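Encoded as structure tokens, the structure appears first; notes follow it.
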Amino acid sequence: MTASFSAIESAALRSDRFRLERESDWQRLEAIVTRMEKGRLRRISDEDLLALPGLYRTVASSLSIARETSLDAATLAYLESLVQRAWFVVYGPRTSLWEWFRGFLGGGWSAAVRAIWFDILIALAVMVAGTVVGWLLVANDPEWFYALVPGGMSGERVPGATAEALRSTIFGNSGQNGMSVFAAQLFSNNAQVSILAFALGFALGVPSLLLLVHNMASLGAMLWLFHGAGLATDFAGWLAVHGTTELFAILLAGAAGLHIGRSLAFPGQKPVLQSTAEAGRRAALVMTGVVLMLIVAALLEGFARQLVDQTPGRFAIGGFMLAAWLAYFFAFRGNQGRSGRDHAG
Amino acid sequence: MSALPNRLRRSSRERILVTPEGIAVPVTVASRGARAGALMLDLTFIVLLIVGTTLALLYIAGGTAGMLREVDSKSAAGHALQFLVILWIVIMFLFRNAYFLFFELGPRGATPGKRLAGIRIAARDGGRLTAEMVIARNLLRDIELFLPIVFIASAGADSGAAWLAATGWFLIFMLFPMFNRDGLRAGDIIAGSWVLERPRQKLEAAMSVANLAQRPAYTFDEAELSVYGEYELQALERVLRDKRPDSIESVYQTIAAKIGRSDGWNDERAFLEDYYTQLRARLEAGMRMGRRKADKFSGDRR
């Protein structure tokens with residue numbers, strides 16, 4: 035009895051000695067984590083910030099050891115929750131949004147666009163097809179125009195309008211007021227539509243494509259209308275100023291939606307949840323860029339188009355923008371190694 | 008993987024998450040009720056913010072009527088009002104799209120509503136929660152929430168089919184978390200994220216340290232200690248920490264009867280604390296030798 039008691043006593047000490055030896059580290063980590071959870075990043079000393087990863091690993095290894103040697107449920111529960119909280123902090127969202135944004139512009143965005151090139155090709159084909167379909171439908175039966183172009187949007191631009199009336203809609207608006215408000219509305223509206231095109235990708239991508247077809251069909255109908263008045267080139271110029279940017283953005287949004295839909299329907303070798311999550315993150319990068327592009331498009335549409343009142347100048351702006359985007363996406367490689375590491379991390 | 012025996016699991020929402028260091032951490036998936044509550048709170052905040060900024064901007068603009076009259080003129084006042092209108096459009100866009108984004112990208116990984124509900128988002132694979140994930144999960148909110156609500160509102164109940172379709176759409180996405188184990192909504196699937204309960208656990212005093220100072224009043228021999236396993240040990244620990252006299256009394260009765268001792272009468276707590284310490288010492292010694300005893304029904308496992 036005495037022999038077994040002394041054995042018991044020394045053994046009982048061991049798991050508690052383990053705890054008492056390490057408690058101060060645990061509590062220091064808990065204090066840091068608590069402060070970070072409260073969002074008081076500035077009140078944490080550099081010393082503590084530097085110690086955080088090390089402390090996290092120490093406590094994680096304490097947990098592994100405690101699981102194998104200790105039956106103190108309270109300590110185990112405490113360690114589990116502390117490791118979890120520290121994990122949230124250590125692997126939490128990047129603290130500097132600015133740094134993320136720099137990585138995004140400096141290669142992350144263009145890499146994501148290149149990664150969904152196949153979906154971009156499909157979306158492009160669908161958009162071209164939509165334009166052609168719109169044109170053909172209206173060419174066969176002008177009544178289709180009213181179905182394809184919403185009444186509020188067309189204004190004077192309806193079948194049977196004189197060439198003069200049509201011309202007045204694309205030229206001579208430079209004195210117009212409220213342009214900046216117009217630009218802001220355009221942006222808000224277009225951004226919402228492109229977010230919709232992206233989000234609908236969740237339904238296997240089909241609605242994204244339908245949305246593209248619908249939008250482009252009304253463009254095709256418009257194109258037919260101006261072509262009939264001999265103004266096709268001028269209309270194209272009017273459209274090109276912001277259209278190269280805006281349509282490109284809508285193309286990317288549709289492609290991003292399609293990318294998600296495709297990864298849901300055809301996950302390939304990976305589990306469907308993993309494949310979808312990877313596609314979703316790539317598409318999210320593309321979509322952040324789409325919103326930026328739409329801001330640029332709205333500025334071009336609201337200001338540049340009204341200020342440049344002749345077709346060659348408009349083509350020059352539109353063409354330059356298109357070339358700039360293409361070069362940025364497909365020729366610019368940037369520091370994609372860094373963004374790749376972020377994905378892995 | 009978890010140290011807790013299965014029967015001690017707190018709920019069916021508990022999952023094991025493996026961190027990049029290879030540590031298995033038990034996490035609890037947030038309940039659907041907490042998430043719905045958090046969403047309601049956030050929507051309330053957004054509506055309040057929208058109403059607040061709109062009122063503030065209107066106040067600055069000097070009333071709607073004045074604004075409508077002035078906005079087309081070329082005067083300086085007109086330009087100022089135009090600027091306010093732009094500001095309003097941009098702010099509305101941001102409230103709709105960036106509210107969740109902004110808060111979930113912070114170190115807390117939770118919107119104010121989520122914080123109040125005690126939940127937060129995390130990466131499902133145990134890795135870093137990236138900005139892309141947060142963006143992806145919140146872009147989908149548009150078709151899950153805002154768009155169908157706008158449709159329902161604009162269609163109105165009298166337009167039959169359209170209203171039904173919009174409501175059906177809304178319900179599909181709202182009920183989506185009901186149909187998978189981890190309560191993922193569509194945005195979580197796209198992003199590879201999930202919503203977890205925020206852990207809170209204070210370090211409690213070590214049970215056995217206090218009574219190691221003095222020699223235990225009660226000692227138990229091998230036969231008396233070998234009747235119970237880890238499950239009973241942790242149940243006993245809970246009883247001792249709860250400090251409820253009636254449960255201590257009844258547990259004492261049970262244990263004393265089982266091991267055939269009655270010398271702890273009127274000193275139940277000290278008796279149980281000594282029994283706890285010695286049982287834990289025995290079981291932990293067994294653990295180090297690779298022998299574990301899960302509960303009173305199992306023999307020593309090798």
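Those protein sequence lines, which keep their order, are chains L and W.
Residues 35 to 379 in this note's numbering are what the first sequence spells out, letter by letter.
Residues 8 to 309 in this note's numbering are what the second sequence spells out, letter by letter.
All C-beta atoms in this analysis are idealised placements derived from N, C-alpha and C, irrespective of residue type, glycine included.
Since the structure is predicted, the reported quantities are computational estimates derived from the model, not experimental observations.
In chain order, what residues of the same chain lie with their CB nearer than 7 Å to the CB of residue i, ignoring the 5 residues before and after it?
i, result
"F102(W)", "I53, L56 and I57"
"T92(L)", "D59"
"D153(L)", "A289, L292, H293 and R296"
"K265(W)", "V234"
"R69(L)", "R77 and I78"
"E151(W)", "F180, R192, A193 and G194"
"A37(L)", "For A37(L), the pLDDT reaches just 42, beneath the cut-off of 50, and the residue's location in the model is therefore unreliable, although a value from the coordinates is still provided. Within the same chain, A37(L) has no close Cβ partners at all."
By how many angstroms is the C-alpha of residue j removed from the C-alpha of residue i?
i, j, result
"A193(W)", "V247(L)", "25 Å"
"R30(L)", "S95(L)", "The first residue shown for chain L is 35 and the last is 379, placing residue 30(L) beyond what the model contains."
"L86(L)", "G126(L)", "13 Å"
"M161(L)", "L285(L)", "8 Å"
"S373(L)", "A149(L)", "Low per-residue confidence applies at S373(L): pLDDT is 43, beneath 50, and the placement is therefore not dependable, though the value from the model is reported in the following sentence. When rounded, the distance between both Cα atoms is 13 Å."
"M181(W)", "L154(W)", "13 Å"
"F138(L)", "A350(L)", "28 Å"
"Y283(W)", "E204(W)", "31 Å"
"A87(W)", "E312(L)", "45 Å"
"P1(W)", "E71(L)", "Look at the range of chain W in this structure, 8 to 309, and you will see that residue 1(W) is not part of it."
"F110(W)", "G271(W)", "57 Å"
"A157(W)", "W134(L)", "For clarity, residue 157(W) is Val in the given sequence; the question names Ala instead. In a straight line, the C-alpha of V157(W) is about 33 Å away from that of W134(L)."
"R20(W)", "N187(W)", "12 Å"
"A230(W)", "L247(W)", "23 Å"
"M294(W)", "V124(L)", "32 Å"
"A255(L)", "A68(W)", "40 Å"
"G297(W)", "N273(W)", "37 Å"
"D268(L)", "V275(L)", "11 Å"
"R136(L)", "N145(W)", "21 Å"
"P305(L)", "D132(W)", "13 Å"
"E64(L)", "D106(L)", "19 Å"
"V172(L)", "W178(L)", "5 Å"
"A251(L)", "V167(L)", "6 Å"
"R251(W)", "D195(W)", "43 Å"
Identify, in the order they occur along the chain, each residue of the same chain with its Cβ nearer than 6 Å to the Cβ of residue i, setting aside the five sequence neighbours on each side.
i, result
"A263(L)", "A197 and L200"
"I197(W)", "A143 and L147"
"S49(L)", "T103 and S104"
"R290(L)", "Reading off the sequence, residue 290(L) comes out as Ala, not Arg. Around A290(L): F232, A317, V320 and M321."
"L328(L)", "F221, N224, A225 and A283"
Let me know if residue i comes out buried or exposed under the rule of 16 or more other beta-carbons within 10 Å of its beta-carbon.
i, result
"Q303(L)", "exposed"
"M321(L)", "buried"
"N104(W)", "buried"
"R315(L)", "buried"
"Q344(L)", "exposed"
"S200(W)", "buried"
"M42(W)", "It is Arg, not Met, that sits at residue 42(W) in the sequence shown. Label assigned to R42(W): buried."
"M185(W)", "exposed"
"R119(L)", "buried"
"G116(W)", "buried"
"I42(L)", "For I42(L), the predicted model reports a pLDDT of 38, less than 50, meaning its position is unreliable and no value from the coordinates is stated."
"N249(L)", "buried"
"L83(L)", "exposed"
"L155(L)", "exposed"
"L355(L)", "According to the sequence displayed, residue 355(L) carries Met and not Leu. Buried, since its Cβ has 16 or more Cβ neighbours within 10 Å."
"T61(W)", "exposed"
"F278(W)", "buried"
In the DSSP assignment, what residue or residues form a beta bridge with residue i?
i, result
"A43(W)", "BP columns for A43(W) are empty, so no partner."
"T226(W)", "For T226(W), which the question treats as bridged, DSSP gives no partner whatsoever."
"L203(W)", "V36(W) and R127(W)"
"L24(W)", "V32(W)"
For residue i, which residues of its own chain have a beta-carbon under 8 Å away from its beta-carbon, when the five flanking residues on both sides are left out?
i, result
"I126(W)", "A37, A41, R42, A45, A117, V202, L203, E204 and R205"
"L136(W)", "G116, I128, A129, A130 and S200"
"S312(W)", "One cannot answer for residue 312(W) here, as it falls past the ends of chain W, which runs 8 to 309."
"M47(W)", "G120"
* **Cβ-based contacts, 7 Å cut-off: residues of the region 311 to 328 of chain L near chain W** => A311, G314, R315, A317, A318, L319, M321 and T322
* chain W contacts made by the region 77 to 105 of chain L, where a contact means CB separation under 9 Å -> Going along the region 77 to 105 of chain L in chain order, one finds Y90, R91, A94, S95, L97, S98, A100, R101, E102, T103, S104 and L105 with a Cβ nearer than 9 Å to chain W.
* If contact means a Cβ-Cβ distance below 9 Å, which residues of the region 22 to 36 of chain W contact chain L? -> L24, T26, P27, E28, G29, I30, A31, V32, P33 and V34
* Members of the region 88 to 99 of chain W that neighbour chain L once the beta carbon cut-off is set at 8 Å -> Q89, F90, V92, I93, I96, V97 and M99
* To do: Could you name the residues of the region 213 to 247 of chain L whose beta carbon sits closer than 7 Å to any beta carbon of chain W, in the order they occur along the chain?
  => S214, V215, A218, Q219, S222, A225, I229, L230, F232, A233, L234 and F236
* Asked: Which residues, in order along the region 112 to 124 of chain L, keep a beta-carbon less than 8 Å from a beta-carbon of chain W?
  -> Taking a C-beta cut-off of 8 Å against chain W, the contacting residues of the region 112 to 124 of chain L are Y112, E114, S115, L116, V117, Q118, R119, W121, F122 and V123, listed in chain order.
* Check each residue of the region 260 to 281 of chain W: if its Cβ is closer than 9 Å to any Cβ of chain L, include it; give the result in chain order. => none
* Proximal residues, the region 163 to 187 of chain W versus chain L, C-beta separation under 8 Å -> none
* Scan the region 143 to 163 of chain W for residues whose Cβ lies nearer than 7 Å to a Cβ of chain L and list them as they occur along the chain. => A143, L146, L147, D149, I150 and L154
* To do: Anything in the region 241 to 252 of chain W with a Cβ closer than 8 Å to a Cβ of chain L? List those residues in chain order, please.
  => Q241, E244, R245 and R248
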